[in-house]
Amino acid sequence: DAKTTQPPSMDCAEGRAANLPCNHSTISGNEYVYWYRQIHSQGPQYIIHGLKNNETNEMASLIITEDRKSSTLILPHATLRDTAVYYCIVRVNYGGSQGNLIFGKGTKLSVKP
Amino acid sequence: NAGVTQTPKFRILKIGQSMTLQCAQDMNHNYMYWYRQDPGMGLKLIYYSVGAGITDKGEVPNGYNVSRSTTEDFPLRLELAAPSQTSVYFCASSQGRAGQETQYFGPGTRLLVL
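So, in structure tokens, the structure goes:
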């Protein structure tokens, strides 16, 4: 699986958009970009994933650059409950031994009032 | 649906003791995973299973054993607890089909080995 690089920490004001970057310059053509988050030592929570098109769901938007070497997770209106560690993971999209998620250290997002 | 459940939530073991961490899911998922997370670090895969009766090693399997006799349950066994196994253990499951690889995690079991 391709390696990802994320800033160790970011701050965001409550109500503003939080933009979390991720570099994955060695991503392969069949690897997806996944985002998970972990709130205060709870189990990780799936947020969103995509291959090459931008994606949006009820939690967030995922913007992937045209060359797929980087992406940005956008939380449109951050709340205090969005304070968490956010993990960007790239991997092929099937289970078994290829299905395990390789977690780096992620970005610790602090949403401040 | 309860999703993925784990018991116990917290346990203290003495060196050399054994225990089983329980994991169950009610989503009829084929794939199940055990991860461990050390303080300030990401998760590392211990074992995984692609279906009942089938298990395989992950990145850090030493000191652990698993079994998968049913689709729902995936217990993790520690035979001789060591201080290095102090960690938070997460169980996860996924559908296991292409395009449906979202993993759902349990709340975790905190284990302290003294």
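Chain order of the listed sequences is A and B. If you read the first sequence in the working numbering, its first letter stands for residue 1, the second for the next number, and so on. If you read the second sequence in the working numbering, its first letter stands for residue 1001, the second for the next number, and so on. Glycine included, each C-beta is placed from N, C-alpha and C at the ideal position.
- Three or more Cβ pairs closer than 8 Å define a contact, and the segment 1045-1057 of chain B falls short of that threshold against the segment 1005-1021 of chain B.
- Under the 8 Å criterion on CB atoms, L101 of chain A is classed as interfacial with respect to chain B.
- Closer than 8 Å to the CB of P44 of chain A there is at least one CB belonging to chain B.
- Neighbours of P1075 of chain B in chain A, taken as residues at a C-beta separation under 7 Å, are lacking, since the least C-beta distance is about 17 Å.
- Closer than 8 Å to the CB of G1016 of chain B there is not a single CB belonging to chain A.
- Nearest to A1092 of chain B by C-alpha distance, out of B:L1080, B:T1086, B:C1023, is B:C1023.
- As for any beta strand (DSSP E) of minimum length 3 sitting wholly inside the segment 1050-1100 of chain B, the runs are 1054-1057, 1064-1066, 1076-1078, 1087-1094, ordered along the chain.
- Straight across, the Cα-Cα distance linking Y1047 of chain B with V111 of chain A is about 35 Å.
- Contacts between Q1103 of chain B and chain A, judged by CB atoms closer than 7 Å, involve Y46, L101 in chain order.
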